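Enquirer: If you use numbering that gives the first Met the number 0, the sequence shown closes out at 222, no skipped numbers anywhere.
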Amino acid sequence: MADQIIIAVPKGRILKEVLPLFEAVGIVPEAAFGDEDSRLLRFATNRPDIGLIRVRAFDVATFVAHGAAQIGIVGSDVLMEFDYSEIYAPIDLGIGHCRISVAEPVAMAATDDPREWSHVRVATKYPNITRRHFEARGVQAECVKLNGAMEIAPVLGLSSRIVDLVSTGRTLKDNGLAEVETIAEVSSRLIVNRAAFKTRAGDIVPLVEAFRQAVGGSDAASA
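#1: Taking the continuous alpha helix (DSSP H) assigned at HIS132, which residues delimit it?
#2: Answer yes or no: do VAL17 and CYS97 have a C-beta to C-beta separation smaller than 8 angstroms?
#3: For GLY137, does the count of other Cβ atoms within 10 angstroms reach 16, so buried, or fall short, so exposed?
#4: Between the region 74-91 and the region 43-60, are three or more C-beta pairs nearer than 8 angstroms?
#5: Between the alpha carbons of VAL24 and GLY175, how many angstroms are there, rounded?
#6: Any chance the region 90-107 sits against the region 153-163, with 3 or more Cβ pairs inside 8 angstroms?
#7: Would you list the residues sitting across from PHE42 in a DSSP beta bridge?
#8: To test your reading of the DSSP string, which unbroken beta strand (DSSP E) runs of 3 or more residues are found completely within the region 67-136?
#9: Considering only residues of the same chain and omitting the five flanking positions on each side of LYS10, which have a CB-CB separation below 8 angstroms?
#10: Reducing DSSP to helix, strand and coil, say where MET139 ends up.
#11: When DSSP labels each residue in this structure, what does GLY215 get in the three-state scheme?
#12: State the Cα-Cα distance for the pair ALA88 and PRO19, rounded to the nearest angstrom.
#13: For GLY50, tell me which candidate among ILE26, GLY201 and GLY156 has the shortest Cα-Cα distance.
#14: Please go through the same chain and pick out, in chain order, the residues whose beta-carbon is closer than 8 angstroms to the beta-carbon of GLU134, but skip the five residues on each side of it.
#15: Only counting the same chain, and skipping five residues up and downstream in sequence, which positions put a Cβ closer than 7 angstroms to that of VAL214?
#16: Suppose you measure from the CA of PHE156 to the CA of VAL121; what does that come to, to the nearest Å?
#17: With 16 as the cutoff for other CB atoms within 10 Å, does PRO205 come out buried or exposed?
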């Protein structure tokens, strides 16, 4: 349907945490949506006025910012990295908790003091967050942009440090790395296209309020 409200949801680990939220607001996706092996990108729901798309986390923000999707669920890390003015993020959904951290080889971390850094070379998919973080401390950051497999960069000499999302820390440990600094705590947010929030308020505002009730909070920002 051309007038459907499209909700963009990230692939990966957050999917299982999203499903109970949808149930709480009365949205039941088709069965394939919960199947991480499904190659489908667009999914129907029990509501003919609501459709879902499942894309990469960074792309969720892009779809919503450009109005291809009216609503999305995405980590605050993505919002920090791109800072789209077209996106309104009214609700912290309280899921997808993790952190953006600086990590380096364990042997280096044993004697290293981040307070003494003046220049760092960092592999990351968050160059904007990384530069802002280090610039605020007067540290020059040379960022090597990678889309994945950051943990291998120090081993192969691409960079001495990485900035990446960390949940349990197991991937870092398995690759001989240790966290030395936390840049930001991360959780998933409900995001809305600002223009759609105004022009389709009758459709979108009740949905936003339903999500707010589902998480039991009043977290909001001015549109």
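C-beta atoms are modelled at their ideal positions from N, C-alpha and C, and glycine is treated no differently.
None of the values given here were measured: they were computed from a predicted structure.
Expert: Quick answer:
#1: What you label residue 132 is simply residue 133 of the sequence shown in a count that begins at 1. Element bounds for HIS132: 126-134.
#2: For the purposes of this step, residue 17 is taken as the residue at position 18 of the sequence shown. For the purposes of this step, residue 97 is taken as the residue at position 98 of the sequence shown. VAL17 is not a Cβ neighbour of CYS97, given a cutoff of 8 angstroms.
#3: Against the sequence shown, residue 137 aligns to sequence position 138. Exposed is the call here.
#4: By the Cβ rule, the region 74-91 counts as touching the region 43-60, because three or more pairs are nearer than 8 angstroms.
#5: For this step, residue 24 is matched to residue 25 along the sequence shown. For this step, residue 175 is matched to residue 176 along the sequence shown. The alpha-carbon atoms of VAL24 and GLY175 are separated by roughly 43 angstroms.
#6: Short answer: they touch.
#7: Numbered from 1 along the sequence shown, position 43 holds the residue referred to as residue 42. DSSP output for PHE42 lists LEU51 as bridge partner(s).
#8: Complete beta strand (DSSP E) runs here, min 3: 70-74, 86-91, 97-104 and 118-123.
#9: Looking up residue 10 in the sequence shown gives position 11. Closer than 8 angstroms at Cβ, skipping near neighbours: GLU35, ARG53, VAL54, ARG55 and ALA56.
#10: Walking along the sequence shown from the start, residue 139 turns up at place 140. A small correction: the amino acid at residue 139 is Gln; Met does not occupy that position in the sequence shown. In this structure, GLN139 counts as strand in the three-state DSSP scheme.
#11: Indexing the sequence shown from 1 puts residue 215 at position 216. Looking at GLY215 - three-state DSSP - the assignment turns out to be coil, as it is neither helix nor strand.
#12: Mapped onto the sequence shown, residue 88 falls at position 89. Mapped onto the sequence shown, residue 19 falls at position 20. If you draw a straight line from the Cα of ALA88 to the Cα of PRO19, it is about 20 angstroms long.
#13: One-based indexing of the sequence shown puts residue 50 at position 51. The candidate whose alpha carbon is nearest that of GLY50 is ILE26.
#14: Indexing the sequence shown from 1 puts residue 134 at position 135. Sequence-distant Cβ neighbours of GLU134 in its own chain, meaning closer than 8 angstroms and more than five residues away, are ALA140.
#15: If you number the sequence shown from 1, residue 214 lands on position 215. Excluding sequence neighbours, VAL214 sits near ILE90, LEU92 and GLY93.
#16: Within the sequence shown, the letter at position 157 stands for residue 156. Within the sequence shown, the letter at position 122 stands for residue 121. It should be noted that the sequence gives Gly, not Phe, for residue 156. So the alpha carbons of these two residues sit roughly 11 angstroms apart.
#17: Start at 1 with the first residue of the sequence shown, and residue 205 comes out as number 206. Around the beta-carbon of PRO205, fewer than 16 other beta-carbon atoms lie within 10 Å, marking it exposed.
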